[in-house]
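One structure is given below, encoded as structure tokens.
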Amino acid sequence: MTRIRVLAALVMAPAAIATVLLLPTPWLMLITAIVFLAALWEWFALAEVEDSLARSALLVLNLLLMVALVWGTGGTGATLVLFKVAVVLGVLWWLLAMLWLVHFDFASDHDTNGRVYKLAAATFAVVPAWCAMALLHNDGPGWLLLALMVVWGTDTGAYFAGRRFGRRKLAPRISPNKTVEGLVGGTAVGVLVALVGAWILGVAPAQLPLVALVALLAVLFSVVGDLFESLLKRHVGAKDSGNLIPGHGGIMDRADSVLAALPVFALGKIWLGF
0 MTRIRVLAAL
10 VMAPAAIATV
20 LLLPTPWLML
30 ITAIVFLAAL
40 WEWFALAEVE
50 DSLARSALLV
60 LNLLLMVALV
70 WGTGGTGATL
80 VLFKVAVVLG
90 VLWWLLAMLW
100 LVHFDFASDH
110 DTNGRVYKLA
120 AATFAVVPAW
130 CAMALLHNDG
140 PGWLLLALMV
150 VWGTDTGAYF
160 AGRRFGRRKL
170 APRISPNKTV
180 EGLVGGTAVG
190 VLVALVGAWI
200 LGVAPAQLPL
210 VALVALLAVL
220 FSVVGDLFES
230 LLKRHVGAKD
240 SGNLIPGHGG
250 IMDRADSVLA
260 ALPVFALGKI
270 WLGF
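Counting along the sequence shown from 1, when you hit position 259 you're at 258 in numbering that gives the first Met the number 0, and nothing is skipped either side.
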């Protein structure tokens, strides 16, 4: 499984890097909208929306929200405030998600109310992450690539540190394979990647501690995103969100950490001004 996982990553990573570095922001937004909407489709399945027509309608509603945000920008950078507001809402949502993780059984009884909560969570997770991706790329492709590499570095560090040193379970009821040692290893790699990347992008040495702080928060939120998707899967007894990516599961299985980390990284960059 490790070999398949690595081979799939070796295919996906260059494609993602090329997309970030070579495409202009509008085209990147289009491509990532397709990917994020595909992740939403899987999320709807985890929310137990089984009817294809209903899932399609929900997908269209989220697409229309994205279109409305783009239309609301008016084609000028000054009105990107709508995207920034969406990013703030996304960060607030992931703070609420931490509370949801503590109360594992919330919305787990397969009734209508539980489904509504999970569908609302889908929009608050996916749309702000898409807005954050656009904001970071608009500041320069290197910043978006750095944010993604922080998440990738965290995932990789956590995976191998957990396999080698993992002893203490991080959240056994939600994700039995995650360990405290994996979290520590992943965090160290993620912050190191952020510092090296920021130095390459020309950030002043005096601002590197700010980059490290934002990266640390983004890493911790990425873990929340990963755990939250695991919680959704545990509620419905699913191992993966899908089977599209060999060795990795579905798109949501790869995007969960990114969805939570990007709004935090984008907000931190805007707020601290590096």
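Ideal placement from N, C-alpha and C gives every residue a C-beta, glycine not left out.
- Cβ-Cβ separation between residue 189 and residue 218: approximately 4 Å, consistent with a contact (criterion under 8 Å).
- Residue 199 sits exposed, since fewer than 16 C-beta atoms from the chains shown fall within 10 Å of its C-beta.
- For residue 212, the closest alpha carbon among the candidates 201, 224 and 197 is that of 197.
- Assigned with DSSP and collapsed to three states, residue 229 falls in helix.
- With 16 or more other Cβ atoms from the protein chains shown falling within 10 Å of its own Cβ, residue 136 counts as buried.
- Taking each of 37, 195 and 181 in turn and checking the Cα distance to residue 164, the smallest one comes out for 181.
- By the CB criterion at 8 Å, residue 46 and residue 257 fall outside the cutoff.
- Residue 58 places its beta carbon 8 Å or farther from that of residue 68.
- Beyond the five residues adjoining it in sequence on each side, residue 72 comes within less than 8 Å, by CB distance, of 78, 79, 81 and 82 in the same chain, given in chain order.
- The beta carbon of residue 123 sits closer than 7 Å to those of 88, 89 and 92, all from its chain and outside the five residues before and after it, given in chain order.
- Following the DSSP letters along the chain, one finds residue 262 in no beta strand (DSSP E) but inside the alpha helix (DSSP H) bounded by residues 250-271.
- Taking the CA atoms as reference points, residue 108 sits about 12 Å from residue 231.
- Of 210, 97, 207 and 193, the smallest CA-CA separation from residue 151 is found for 193.
- About 6 Å separates the beta carbons of residue 100 and residue 226, which is inside the 8 Å limit, making them a contact pair.
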